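All the letters of the sequence shown, read from the start, carry residue numbers 27 to 296 under the working numbering.
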Amino acid sequence: MRKLANVSIKSGPKSLVTPKDILSKYKEYAEEINEELLRMDIFVDIPQYNELLEEIRKNLLRVSKDFTVIYSEEEIENADYFVIYSDKLLGSQYENNPEKFYYTHCSNCENYIDQYKDLIIKNKKINKNMAYNAWEGEMIVSEDIKNLIVTNKLTGIDFRPVYHGVKNQTIIGYQIVVKNILSGNVDDKTILKKTNVRLNCDFESYILTPEYPMYIPRNLLENVLDFNCTKEYFGSGFFPRQYIIVKKHVRDLFINAKIKNAVFEPIFHV
27 MRKLANVSIK SGPKSLVTPK DILSKYKEYA EEINEELLRM DIFVDIPQYN ELLEEIRKNL
87 LRVSKDFTVI YSEEEIENAD YFVIYSDKLL GSQYENNPEK FYYTHCSNCE NYIDQYKDLI
147 IKNKKINKNM AYNAWEGEMI VSEDIKNLIV TNKLTGIDFR PVYHGVKNQT IIGYQIVVKN
207 ILSGNVDDKT ILKKTNVRLN CDFESYILTP EYPMYIPRNL LENVLDFNCT KEYFGSGFFP
267 RQYIIVKKHV RDLFINAKIK NAVFEPIFHV
């Protein structure tokens, strides 16, 4: 795996050169570059990365960075387990009223985690070959994908209907419900940051930043089902959620069925 930095450069009041001057100079080392937004992606393990930062510093420019992990094809193919999610967002009919579908963990927090009602979304239809992420953080699939999962007898998964319309409701998809929770926590090698801390609330949620992979003890994965979820909750805001973990053949099934917007990130066991 390699760490990729997304570097944004801005001019300061005393800058000696322009951001575009820097981008032009380091263009050949960038994986991707956006001169309009003054951004570039560059791997941190090459010497030009530190040279770039030094060049920015000495020319009195401003910089911000965020990071992602890029996995090799070998790491992906050799992985037995994956975190699955979708990067395609669906809007909710009640984006400002999460209490329509969820109870909070307690009266002292705004962590909406206990669902008591089926979701209602804005979309009138969804693509039959596409996975989605609801506004509330749940994974949504079409009836075709639901049938694919059922036909292949994948374990550890259930479904809730997802509706469009408030008065004349129509089922347009299904929410994936995973109830098989791992018996222990992710390994200490996983770098987590606690978030959503509230006074007089015992709920815990974490951020696993995109620059770090997830490690899970091998013994926790020995007897898992096809669909599982972490013991920990992840995410800030109103909707922290448990990560869904699937076996390799679930990923293979989705890829062979050409399901779009389903993202699989490898898990490492120790």
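Glycine included, every Cβ here is placed at the ideal spot set by N, Cα and C. Predicted model, so just to flag it, every value in this text is computed and none were measured.
Contact defined as beta carbons within less than 8 Å: I believe residue i pairs with residue j. What is the distance between those atoms, to the nearest angstrom?
i: Leu-251; j: Asn-206; result: 5 Å
i: Pro-65; j: Ser-34; result: In the sequence under discussion, the amino acid at residue 65 is Arg, which differs from the Pro named in the question. The pair is a contact, with the Cβ atoms about 5 Å apart (cut-off 8 Å).
i: Gln-74; j: Tyr-52; result: 6 Å
i: Val-296; j: Arg-244; result: 7 Å
i: Asn-254; j: Ala-157; result: Not quite, the Cβ-Cβ distance comes to about 17 Å (not below 8 Å), so this is no contact.
i: Ile-183; j: Tyr-189; result: With 8 Å as the limit, Ile-183 and Tyr-189 do not qualify as a contact, their Cβ atoms being about 20 Å apart.
i: Ala-31; j: Val-95; result: In fact, because the Cβ distance is near 11 Å, the residues do not count as touching under 8 Å.
Nearest-angstrom Cα distance between residue i and residue j?
i: Asn-282; j: Leu-208; result: 27 Å
i: Phe-229; j: Phe-265; result: 12 Å
i: Val-204; j: Phe-260; result: 15 Å
i: Arg-28; j: Asp-140; result: 37 Å
i: Met-240; j: Pro-292; result: 8 Å
i: Lys-179; j: His-131; result: 33 Å
i: Asp-47; j: Asn-155; result: 44 Å
i: Leu-174; j: Ile-271; result: 18 Å
i: Cys-227; j: Leu-116; result: 30 Å
i: Ile-166; j: Lys-284; result: 16 Å
i: Pro-39; j: Leu-86; result: 8 Å
i: Glu-80; j: Val-89; result: 11 Å
i: Ile-152; j: Tyr-120; result: 18 Å
i: Glu-61; j: Leu-49; result: 7 Å
i: Glu-103; j: Asp-67; result: 25 Å
i: Asn-211; j: Leu-218; result: 11 Å
i: Asn-76; j: Phe-93; result: 15 Å
Under a Cβ-count criterion, where at least 16 other Cβ atoms within 10 Å of its own Cβ denotes burial, should residue i be classed as buried or exposed?
i: Ile-147; result: buried
i: Gly-191; result: exposed
i: Pro-45; result: buried
i: Ile-72; result: exposed
i: Glu-125; result: exposed
i: Asn-222; result: buried
i: Asn-134; result: exposed
i: Ile-82; result: buried
i: Leu-63; result: exposed
Under a three-way DSSP split, which group does residue i fall into?
i: Arg-277; result: helix
i: Ser-41; result: coil
i: Lys-126; result: helix
i: Asn-32; result: strand
i: Lys-284; result: coil
i: Leu-116; result: strand
i: Asn-245; result: helix
i: Ile-217; result: coil
i: Lys-51; result: helix
i: Lys-257; result: strand
Q | Length-filtered (4 minimum) alpha helix (DSSP H) runs lying within the segment 54 to 104 | A | Contiguous alpha helix (DSSP H) elements confined to the segment 54 to 104 occur at 73 to 84, 99 to 104, taking only those with 4 or more residues.
**Q.** Uninterrupted alpha helix (DSSP H) stretches inside the segment 152 to 193 (no shorter than 4 residues)
**A.** Listed in chain order, the complete alpha helix (DSSP H) runs (minimum 4 residues) inside the segment 152 to 193 are 169 to 177.
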